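>
There are 2 protein chains.
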Amino acid sequence: MTVISKTAAGSAEGSTEIERDRRRPTINDIARLAAVSKKTVSRVINESPFVKEETRARVNAVIDELGYVPDPQARGLAFRRSFLIGMIYDNPNPQYVVNMQQGILDALKGSGYELIIRPVVRSDPNFLSDMRAFVERQKLFGVVLPPSVSEDERLAALLNEIDCPYVRIASVPLDEAESMVVTHDHMGGAAAAKHLLAHGHKVIAHISGPLTFRSAHERRRGFCEALAAAGVGMPDAYVMEGAYTFESGMACGEALLALSPRPTAIFTGNDEMASGVLQAARKAGLRVPEDLSVVGFDDFQIASRLWPPLTTVHAPTTDVGRIAADRLIRGEDDGRARRYDPDSILPYLVVRESSGPAPA
Amino acid sequence: MTVISKTAAGSAEGSTEIERDRRRPTINDIARLAAVSKKTVSRVINESPFVKEETRARVNAVIDELGYVPDPQARGLAFRRSFLIGMIYDNPNPQYVVNMQQGILDALKGSGYELIIRPVVRSDPNFLSDMRAFVERQKLFGVVLPPSVSEDERLAALLNEIDCPYVRIASVPLDEAESMVVTHDHMGGAAAAKHLLAHGHKVIAHISGPLTFRSAHERRRGFCEALAAAGVGMPDAYVMEGAYTFESGMACGEALLALSPRPTAIFTGNDEMASGVLQAARKAGLRVPEDLSVVGFDDFQIASRLWPPLTTVHAPTTDVGRIAADRLIRGEDDGRARRYDPDSILPYLVVRESSGPAPA
DNA sequence: ATGCTCAAGGTAACCGGTGTCATAAATCGC
DNA sequence: GCGATTTATGACACCGGTTACCTTGAGCAT
Numbered sequence: 004m005t006v007i008s009k010t011a012a013g014s015a016e017g018s019t020e021i022e023r024d025r026r027r028p029t030i031n032d033i034a035r036l037a038a039v040s041k042k043t044v045s046r047v048i049n050e051s052p053f054v055k056e057e058t059r060a061r062v063n064a065v066i067d068e069l070g071y072v073p074d075p076q077a078r079g080l081a082f083r084r085s086f087l088i089g090m091i092y093d094n095p096n097p098q099y100v101v102n103m104q105q106g107i108l109d110a111l112k113g114s115g116y117e118l119i120i121r122p123v124v125r126s127d128p129n130f131l132s133d134m135r136a137f138v139e140r141q142k143l144f145g146v147v148l149p150p151s152v153s154e155d156e157r158l159a160a161l162l163n164e165i166d167c168p169y170v171r172i173a174s175v176p177l178d179e180a181e182s183m184v185v186t187h188d189h190m191g192g193a194a195a196a197k198h199l200l201a202h203g204h205k206v207i208a209h210i211s212g213p214l215t216f217r218s219a220h221e222r223r224r225g226f227c228e229a230l231a232a233a234g235v236g237m238p239d240a241y242v243m244e245g246a247y248t249f250e251s252g253m254a255c256g257e258a259l260l261a262l263s264p265r266p267t268a269i270f271t272g273n274d275e276m277a278s279g280v281l282q283a284a285r286k287a288g289l290r291v292p293e294d295l296s297v298v299g300f301d302d303f304q305i306a307s308r309l310w311p312p313l314t315t316v317h318a319p320t321t322d323v324g325r326i327a328a329d330r331l332i333r334g335e336d337d338g339r340a341r342r343y344d345p346d347s348i349l350p351y352l353v354v355r356e357s358s359g360p361a362p363a
Numbered sequence: 004m005t006v007i008s009k010t011a012a013g014s015a016e017g018s019t020e021i022e023r024d025r026r027r028p029t030i031n032d033i034a035r036l037a038a039v040s041k042k043t044v045s046r047v048i049n050e051s052p053f054v055k056e057e058t059r060a061r062v063n064a065v066i067d068e069l070g071y072v073p074d075p076q077a078r079g080l081a082f083r084r085s086f087l088i089g090m091i092y093d094n095p096n097p098q099y100v101v102n103m104q105q106g107i108l109d110a111l112k113g114s115g116y117e118l119i120i121r122p123v124v125r126s127d128p129n130f131l132s133d134m135r136a137f138v139e140r141q142k143l144f145g146v147v148l149p150p151s152v153s154e155d156e157r158l159a160a161l162l163n164e165i166d167c168p169y170v171r172i173a174s175v176p177l178d179e180a181e182s183m184v185v186t187h188d189h190m191g192g193a194a195a196a197k198h199l200l201a202h203g204h205k206v207i208a209h210i211s212g213p214l215t216f217r218s219a220h221e222r223r224r225g226f227c228e229a230l231a232a233a234g235v236g237m238p239d240a241y242v243m244e245g246a247y248t249f250e251s252g253m254a255c256g257e258a259l260l261a262l263s264p265r266p267t268a269i270f271t272g273n274d275e276m277a278s279g280v281l282q283a284a285r286k287a288g289l290r291v292p293e294d295l296s297v298v299g300f301d302d303f304q305i306a307s308r309l310w311p312p313l314t315t316v317h318a319p320t321t322d323v324g325r326i327a328a329d330r331l332i333r334g335e336d337d338g339r340a341r342r343y344d345p346d347s348i349l350p351y352l353v354v355r356e357s358s359g360p361a362p363a
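Order-wise, the sequence lines are chains A and B. Counting with this note's numbering, you get residues 4 to 363 for the letters of the first sequence. Counting with this note's numbering, you get residues 4 to 363 for the letters of the second sequence.
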């Protein structure tokens, strides 16, 4: 594997025998040892069909022996495109970010592509020009856009303009499906609703995320529609809009628990707000789940650290990230990109101890 | 800023007037328009002192007008080194990871360097060879090594061997200080001890992280030494070794709360284990902080989501990341690298509601 | 005036790959 | 059996920068 010294032995032009020993082998080394031109080596690397089987085998043998790996910079320079995938995001939740990164990295593993991360502030006046500079400079191979960056049409337009492939992750299709991974958050909302209905709850409340976010909107829609389908209504006062934050969850929770009749169950748009509701319940002297059931969304680690452990809808963030990145690097390989099985990334309910039968 | 069309106007060799319009300007474009050789442009870019002030100004004017930015790939190819910083880590805590990333990115902002992240499994048999392949392939400019990757001497040796700069982050100096950022975790442990002592606690317990981690060892040492200095002893049974996980915190917490006399305060090596202790206390029917004070370490978001909100030692992870990356890209600029002020990254106690006076 | 030094800048090769096009060898049609 | 394709390969320029080395001219000592 580390027999690189062979290169030195092989070349004898004007350089002392010993020098240039431990240097990574280049395409020239391979070409010389395989007795072909560098162009042919390049063909082998890029799997061109116009190489005789015998030649290919010989070149590959040398490549393997020297442990040659093409230099991504040189390749990128000639290709006019790097082998870097960008992840541009503004989701403030650390666990979301890490899960998504992990999924992308899983897909990239062994592919030769690397991940560059880029947290952004979408409201920054320089956002778009910064993105343009970033993507153009790095000549990104493609970018993954999780929500809510994925919902920024200006950014999508910019990427189209500078011809940078991207995959958007969102609750609903935002454009032709090829460049999207859809998370179907409304089904998660529905799952939460069914769970609460099954436990006999009638007075139910919901705290959504900011409705400017598709995810917030979809989770709420799924929840409300499932309730309505079961003939359970939710008066306006029982549906609040939070900010996806702990603090907003606590504030909305306090407001909801002051209503009469008091809701016996609250579904929140994410786990952060659910933890806020748990605090509010505690301050109001309510027991969970005896007096109040709480259901969150995300199923992040915190869900099991809370008291009581949180019933929540699992969002398969890592899988989604993996699929998105996979799309990007497979490209339009075989006809259309391999379609993913939507079932594999549908949200589903995880029942813990924060939910139970409606109080009598 | 987007006056790139000028390049087309400037060149009139064998190409139709309109073509090659919206292409990023290259060093050749700058050279032509500034009427100098590309080498001189290169000198200006790299701030060579051997350029006449007048020439420099002229070149810079053209650069600004065209919004020229050198291509990192081409530059890297010639430099034999990329402008990519690697972060190699195995810390499983999402918040730690994100905070560290944020710090590094802050330092890199506007510098032209980009961050590549690399979660690893240090026990993987291919760990070292993977790292070697990764670093060599990408020709990384440098890497940041947070704990516990930073404590892997094999990795440090490998990086030395392949001549890749690195900065290690750890609780104690592991080598000559230039390539280290020291977090002085023992001072955090001491701060926790002083807090509990001030509240009159006498029967105190500690759950450390795995002692193979320096951080766990140092936090424990700081804590124990401060207690000892105050004449408060901790019998062996009151000092347990956890795994930095929620589950281990819960298990150790149950064990400690079964001791007689029961500890009135527990200090844990991180917030995760503290959340486990809170669960254990709840199961044991104890009130926090009335019956039991709990102090954690890290001050991650979860600390304020728990009930009661957790008193904990703040670890300035983001700042540490920033300083580490700063070191890397400043290099040995002016004589020795700019020294950081250790005070700026010392851990400190954040008092919330999980700690209080010892029960009478 | 001559020679030397040094600032200022240019030339050409090179970093490690790929694109384009030409060419040699192999296959095919009839 | 010979031109026309097709297959397989090489030569060479190029991607966008940098390094190594050379040239020029001004300033200064001799």
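Ideal placement from N, C-alpha and C gives every residue a C-beta, glycine not left out. A quick note: this is a predicted structure, and the numbers were derived from the prediction, not measured.
Between Ile210(B) and Gly256(B), is the Cβ-Cβ spacing less than 9 Å?
By one-based count along the second sequence, residue 210(B) stands at place 207. By one-based count along the second sequence, residue 256(B) stands at place 253. Taking 9 Å as the Cβ cut-off, Ile210(B) and Gly256(B) qualify as a contacting pair.
> Pull the bridge partners of Pro122(B) from the DSSP assignment, please.
The count along the second sequence starts at 1 and reaches residue 122(B) at position 119. Paired residue(s): Tyr92(B).
> With a cut-off of 8 Å, do at least 3 Cβ pairs link the stretch 266-276 of chain A to the stretch 300-314 of chain A?
Contact holds: three or more Cβ-Cβ distances are below 8 Å.
> Pick helix, strand or coil for Thr58(A), following the three-state DSSP scheme.
The residue given as residue 58(A) occupies position 55 in the first sequence. Helix at Thr58(A).
> Could you have a look at Ser296(A) and say whether DSSP puts it in helix, strand or coil?
For the purposes of this step, residue 296(A) is taken as residue 293 along the first sequence, with counting starting at 1. Three-state DSSP puts Ser296(A) in a strand.
> In terms of alpha-carbon separation, which member of Ile348(A), Ser358(A), Lys55(A) lies closest to Gly106(A)?
Residue mapping note: residue 106(A) aligns to position 103 of the first sequence, counting from 1. Among Ile348(A), Ser358(A), Lys55(A), the Cα nearest to that of Gly106(A) is on Ile348(A).
> Is Ala340(A) close to chain B? Criterion is C-beta to C-beta, closer than 9 Å.
Here residue 340(A) corresponds to residue number 337 of the first sequence, with the count starting at 1. Residue confidence is low: Ala340(A) scores 49 on pLDDT, short of 50, so the model does not pin down where it sits. No coordinate-derived value is stated.
> Any C-beta of chain A within less than 8 Å: which residues of the stretch 53-82 of chain B qualify?
Cβ contacts with chain A: Val72, Asp74, Pro75, Gln76, Ala77, Gly79, Leu80.
> Could you give the DSSP three-state label for Phe137(A): helix, strand or coil?
Here residue 137(A) corresponds to residue number 134 of the first sequence, with the count starting at 1. Of the three classes helix, strand and coil, the one that applies to Phe137(A) here is helix, per DSSP.
> Determine which residues of the stretch 91-104 of chain B have a Cβ less than 7 Å from any Cβ of chain A, and write them out in chain order.
Listed by position, the residues of the stretch 91-104 of chain B near chain A (Cβ gap below 7 Å) are Pro97, Gln98, Val100, Val101, Gln104.
> At the 9 Å Cβ level, is Ser211(A) part of the contact set with chain B, yes or no?
Translated into positions along the first sequence, residue 211(A) becomes position 208. No - not a single Cβ of chain B is within 9 Å of the one on Ser211(A).
> How long is the line joining the alpha carbons of Phe130(A) and Thr248(B), rounded to whole angstroms?
As a first step, residue 130(A) must be located in the first sequence, where it is residue number 127. As a first step, residue 248(B) must be located in the second sequence, where it is residue number 245. Whole-angstrom Cα-Cα distance: 38 Å.
> Identify the continuous beta strand (DSSP E) that holds Ala173(B) and give its terminal residues.
Residue 173(B) sits at position 170 when you count from the first residue of the second sequence. Element bounds for Ala173(B): 169-173.
> Given that Ile120(B) touches chain A, what residues does it touch there, using C-beta distances under 7 Å?
The sequence position of residue 120(B) within the second sequence is 117, counting from 1. Residues of chain A passing the Cβ test: Gln104, Leu118, Ile120.
> Looking at the unbroken alpha helix (DSSP H) that takes in Val47(A), where does it start and where does it end?
Here residue 47(A) corresponds to residue number 44 of the first sequence, with the count starting at 1. Its alpha helix (DSSP H) spans residues 41-48.
> Using a Cβ-Cβ cut-off of 6 Å (strictly less than) and excluding sequence neighbours within five positions of Arg339(B), which residues of its own chain qualify?
By one-based count along the second sequence, residue 339(B) stands at place 336. Because Arg339(B) carries a pLDDT of 48, less than 50, the predicted location of this residue cannot be relied on, and no value is offered for it.
> Find the residues of chain A that neighbour Ser51(B), judging by a C-beta separation of less than 9 Å, and give them in chain order.
As a first step, residue 51(B) must be located in the second sequence, where it is residue number 48. Those do not exist, as Ser51(B) stays about 22 Å from chain A at its closest Cβ, beyond 9 Å.
> What does Glu139(A) reach in chain B if we use C-beta pairs closer than 7 Å?
Residue 139(A) sits at position 136 when you count from the first residue of the first sequence. Near Glu139(A) (Cβ distances below 7 Å), the residues of chain B are Arg27.
> Excluding the five sequence neighbours on either side, which residues of its own chain have a C-beta within less than 6 Å of the C-beta of Gly117(A), listed in chain order?
Numbered from 1 along the first sequence, position 114 holds the residue referred to as residue 117(A). Before going on, a small fix: residue 117(A) reads as Glu here, not Gly. Closer than 6 Å at the Cβ level, and outside the excluded window around Glu117(A), lie Leu87.
> Less than 9 Å between the C-beta atoms of Pro75(B) and Ile48(B), yes or no?
For the purposes of this step, residue 75(B) is taken as residue 72 along the second sequence, with counting starting at 1. For the purposes of this step, residue 48(B) is taken as residue 45 along the second sequence, with counting starting at 1. Their beta carbons are not under 9 Å apart, which means Pro75(B) does not touch Ile48(B) by this criterion.
> Under 9 Å between C-beta atoms, does Arg355(B) make it to chain A?
Mapped onto the second sequence, residue 355(B) falls at position 352. Cβ-Cβ to chain A under 9 Å: no for Arg355(B).
> Within 8 Å, do at least three Cβ pairs link the stretch 85-101 of chain B to the stretch 49-59 of chain B?
Short answer: they don't touch.
> Could you check whether the Cβ of Lys41(B) sits closer than 9 Å to any Cβ belonging to chain A?
Numbered from its first residue, the second sequence carries residue 41(B) at position 38. Answer no: the Cβ-Cβ gap between Lys41(B) and chain A never drops below 9 Å.
> Whole angstroms are fine: how far does the CA of Asp188(A) sit from the CA of Val218(B)?
The residue labelled residue 218(B) in the question sits at position 215 within the second sequence. The residue labelled residue 188(A) in the question sits at position 185 within the first sequence. One point to set straight first is that residue 218(B) is Ser, not Val, in the sequence displayed. Whole-angstrom Cα-Cα distance: 40 Å.
> Any Cβ of chain A within less than 9 Å of the Cβ of Ser307(B)?
Numbered from 1 along the second sequence, position 304 holds the residue referred to as residue 307(B). Yes - at least one Cβ of chain A is within 9 Å of the one on Ser307(B).
> Which chain B residues sit within Cβ distance under 7 Å of Arg285(A)?
Numbered from its first residue, the first sequence carries residue 285(A) at position 282. Those are Trp310, listed as they occur along chain B.
> In the DSSP assignment, find the unbroken alpha helix (DSSP H) run with Val323(B) in it and report its ends.
Taking the second sequence and counting its residues from 1, the one referred to as residue 323(B) is at position 320. Segment 320-333, the alpha helix (DSSP H) holding Val323(B).
> What does a CB cutoff of less than 7 Å around Lys197(A) pick up in its chain, not counting 5 residues either side in sequence?
Translated into the one-based positions of the first sequence, residue 197(A) becomes position 194. Taken in chain order, the residues that qualify are Ala229.
> Gln282(A) and Arg308(B) - do their beta-carbons sit closer together than 9 Å?
Translated into positions along the second sequence, residue 308(B) becomes position 305. Translated into positions along the first sequence, residue 282(A) becomes position 279. It is a contact, given that the beta carbons lie within the stated cut-off.
> Per the contact definition of three or more C-beta pairs closer than 8 Å, is the stretch 283-298 of chain B in contact with the stretch 168-185 of chain B?
With a cut-off of 8 Å, the stretch 283-298 of chain B and the stretch 168-185 of chain B do not count as touching, because too few Cβ pairs lie within range.
> How would you label Tyr351(A), buried or exposed, when you count the other beta carbons within 10 angstroms and need 16 or more for buried?
Taking the first sequence and counting its residues from 1, the one referred to as residue 351(A) is at position 348. By the neighbour-count rule (16 or more Cβ atoms within 10 Å), Tyr351(A) is not buried but exposed.
> Pull out every residue of the stretch 225-259 of chain B whose Cβ sits closer than 7 Å to any Cβ of chain A, in chain order.
Hits within the stretch, in order: Phe249.
> Please tell me whether Glu179(A) has its Cβ less than 9 Å away from any Cβ of chain B.
By 1-based counting over the first sequence, the position of residue 179(A) is 176. Glu179(A) does not count as touching chain B.
> Does the beta-carbon of Lys42(A) have 16 or more other beta-carbons within 10 angstroms, so that it is buried, or is it exposed?
Translated into positions along the first sequence, residue 42(A) becomes position 39. Exposed: under 16 other Cβ atoms inside 10 Å.
> Between which residues of its own chain and Ser357(B) is the CB-CB distance below 6 Å, once the five residues before and five after are set aside?
Residue 357(B) sits at position 354 when you count from the first residue of the second sequence. If we look at Ser357(B) and ignore the five residues flanking it on each side, its Cβ neighbours are Val291, Pro292, Val297, Pro311, Leu313, Thr314.
> Looking only at its chain, what residues have a beta carbon closer than 8 Å to the beta carbon of Asp336(B), apart from the 5 residues adjacent to it on each side?
On the second sequence, position 333 is the one that residue 336(B) refers to. Below a pLDDT of 50, predicted positions are generally treated as unreliable, and Asp336(B), at 48, falls in that range; no measurement from the model is reported.
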